[in-house]
Amino acid sequence: MEQGKFEPTEEGSAQGSVMSPMLANIYMHHVLTLWFKLVVQREMQGECFLVNFADDFVAGFQYKSEAERYYKELKERMEKFGLELESSKSRLIEFGRFAEQNRRARGECKPETFDFLGFTFYCSKTRKGGFVPKVQTSRKKFEQKVRAYKNWIYDNRNRPMREIIKELNVKLIGHYRYYGVTWNFRKITTFLHRVQQFLFKAMNRRGCRRAYTWNGFVEMLKYYPLAKPKTYYCLY
Numbered sequence: 010m011e012q013g014k015f016e017p018t019e020e021g022s023a024q025g026s027v028m029s030p031m032l033a034n035i036y037m038h039h040v041l042t043l044w045f046k047l048v049v050q051r052e053m054q055g056e057c058f059l060v061n062f063a064d065d066f067v068a069g070f071q072y073k074s075e076a077e078r079y080y081k082e083l084k085e086r087m088e089k090f091g092l093e094l095e096s097s098k099s100r101l102i103e104f105g106r107f108a109e110q111n112r113r114a115r116g117e118c119k120p121e122t123f124d125f126l127g128f129t130f131y132c133s134k135t136r137k138g139g140f141v142p143k144v145q146t147s148r149k150k151f152e153q154k155v156r157a158y159k160n161w162i163y164d165n166r167n168r169p170m171r172e173i174i175k176e177l178n179v180k181l182i183g184h185y186r187y188y189g190v191t192w193n194f195r196k197i198t199t200f201l202h203r204v205q206q207f208l209f210k211a212m213n214r215r216g217c218r219r220a221y222t223w224n225g226f227v228e229m230l231k232y233y234p235l236a237k238p239k240t241y242y243c244l245y
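Just so you know, our numbering puts 157 at position 148 of the sequence shown, and the rest follows in order with no gaps.
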């Protein structure tokens, strides 16, 4: 739509458009989700599952042979609809309760990890030694967010401190609400520390004279505190 009039396009929705995830969900529901539920799951002997959001998805299989079969058939399914898998983001890995044991028996290193929706998933253990999959903010997303916050802080450094902190807290709480999950508290705490460092440096570049020492900056934060990290979602 442009100025209230429909304009056809041959290139699809724009990258980053609010419509992109919705349209991708609708299309992939037919191409991927229904096919997996009605065809793939019925043909597999072992357990299998699919988790997807828009055009990002993870499929899990109990048996390696069935995972390899699915991977081959998935490529054919995508080609049928004029799609293709992103090779840099598509791979088969051994992941789960037996991954570490199996890889050790083959003389290989610890189990591989994978990224999904901004998180890195990795194999770990509970305090009692049982298997548990854990997550943390992916390195790529962490650095992207850090750069975005740094740019915002420097672009807004000449505004009143009260306004900066107020708007920054809205952003931080949004970050915590997404990444504040079990086992990721250290990452969101590190993120806050990086934001504090950028804010300190930016405040000292507002004029010719240095505005704050570090101790003075910490004291100022007592009057205008930054939102503290919080775990919002317990995954297990």
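All C-beta atoms, glycine included, are put in the ideal place defined by N, C-alpha and C.
Inter-residue spacing [alpha-carbon to alpha-carbon] between residue i and residue j
{"i": "K154", "j": "D65", "result": "20 Å"}
{"i": "C243", "j": "G216", "result": "45 Å"}
{"i": "L94", "j": "S29", "result": "17 Å"}
{"i": "R214", "j": "Q206", "result": "13 Å"}
{"i": "S97", "j": "D124", "result": "12 Å"}
{"i": "K159", "j": "E176", "result": "14 Å"}
{"i": "V49", "j": "A76", "result": "11 Å"}
{"i": "K210", "j": "V227", "result": "13 Å"}
{"i": "F151", "j": "W44", "result": "34 Å"}
{"i": "I162", "j": "Y188", "result": "21 Å"}
For residue i, the first and last residue of its enclosing alpha helix (DSSP H)
{"i": "S74", "result": "K73 to K89"}
{"i": "F200", "result": "F194 to M212"}
{"i": "R112", "result": "A108 to A114"}
{"i": "G225", "result": "W223 to Y232"}
Cut-off 8 Å between Cβ atoms - residues of its own chain near residue i, not counting five sequence neighbours on either side
{"i": "Y185", "result": "I197, A236, P238, K239 and Y241"}
{"i": "G55", "result": "F70, Q71, Y72 and E75"}
{"i": "R112", "result": "E103, C118, K119 and P120"}
{"i": "K84", "result": "E93 and L94"}
Residue range of the unbroken beta strand (DSSP E) whose run includes residue i
{"i": "N165", "result": "No beta strand (DSSP E) holds N165; DSSP gives it neither H nor E."}
{"i": "V60", "result": "C57 to F62"}
{"i": "A68", "result": "D65 to F70"}
Neighbourhood of residue i by C-beta, 6 Å cutoff - its chain only, sequence neighbours within 5 removed
{"i": "N178", "result": "A236"}
{"i": "S133", "result": "V141 and K143"}
Chain-order list of residues whose beta-carbon lies under 7 Å from that of residue i (same chain, five-residue window excluded)
{"i": "I173", "result": "N165"}
Q: Just list the beta strand (DSSP E) runs in the stretch 121-161, keeping only unbroken ones of 3 residues or longer that don't cross its boundaries, in chain order.
A: 123-125, 128-134 and 140-146
Q) Taking one C-beta from the stretch 82-90 and one from the stretch 134-148 each time, how about it: are there three or more such pairs within less than 8 Å? A) At 8 Å Cβ cutoff, the stretches do not touch.
Q) Is the stretch 120-135 touching the stretch 100-109, taking contact as three or more C-beta pairs under 8 Å? A) yes
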